[in-house]
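> Can you read through this structure? Questions will come right after.
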Amino acid sequence: MPSSETFEGLLVKGPDSGLLRYSLANAYVSESRVTDAIVHLIKALEFDAQFSAAWKLLGRCYVDTGAYKNAIETYEQGIEVAETKGDKQAAKEMRIFLKRAIKKSRDATEN
Numbered sequence: 001m002p003s004s005e006t007f008e009g010l011l012v013k014g015p016d017s018g019l020l021r022y023s024l025a026n027a028y029v030s031e032s033r034v035t036d037a038i039v040h041l042i043k044a045l046e047f048d049a050q051f052s053a054a055w056k057l058l059g060r061c062y063v064d065t066g067a068y069k070n071a072i073e074t075y076e077q078g079i080e081v082a083e084t085k086g087d088k089q090a091a092k093e094m095r096i097f098l099k100r101a102i103k104k105s106r107d108a109t110e111n
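Numbering follows the numbering used here, in which position 106 of the sequence shown is assigned residue number 106; successive positions increment by one, without gaps.
Below is the structure:
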């Protein structure tokens, strides 16, 4: 996978796009820069609110940062988007991740 520097360079050169922002975010996640990834995933969804993979990765980033409420809301929206566009696999995966996020949220409030 190309490094974040590769995608940052492309972003500077333009043109900006949802796929570029998603790719940059994915690179950031692989480099453990989850907070940086969130910013670009939100931007990717501004370009294309139907981008199921961006919803899924954004939910994961929120879980990784302990922002369970945001993760739950993100997965719920992502599931709705994926179902509307017929992206059954993404919806199925996000349902599983949603259940995990809800469990982690409950565990965090109990402790």
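Every residue, glycine too, gets a C-beta built ideally from N, C-alpha and C.
1) Straight-line CA distance for threonine 6 to lysine 13?
2) Please classify alanine 44: does DSSP put it in a helix, a strand, or coil?
3) So serine 105 packs on isoleucine 72, CB below 8 Å; how close in whole Å?
4) Judging by CA-CA distance, which residue of Thr84, Asn70 and Asp16 is the nearest neighbour of glycine 59?
5) On a CA-only basis, which of Asp48, Gln89 and Val29 is nearest proline 2? Give me that one, please.
6) Let me make sure I understand the geometry here. Which of Gly9, Ala53 and Val63 has the alpha-carbon closest to that of glycine 18?
7) When the Cα atoms are used, what is the spatial distance from lysine 85 to arginine 33?
8) Please name the residue, chosen from Leu20, Asp107, Ile38 and Leu24, that lies closest to threonine 74 on a Cα-to-Cα basis.
9) Between which two residues does the alpha helix (DSSP H) containing arginine 33 stretch?
10) Roughly how many angstroms lie between the CA atoms of asparagine 26 and leucine 57, to the nearest whole one?
So, from the listed chains and residues:
1) 11 Å
2) helix
3) Between serine 105 and isoleucine 72, the beta carbon gap of about 7 Å places them in contact (Cβ cut-off 8 Å).
4) Asn70
5) Val29
6) Taking the Cα of glycine 18 as reference, the smallest distance to any Cα among Gly9, Ala53 and Val63 is reached at Ala53.
7) Cα to Cα, the separation comes out at about 30 Å.
8) Ile38
9) From DSSP, arginine 33 is part of no alpha helix (DSSP H); its letter is neither H nor E.
10) 8 Å
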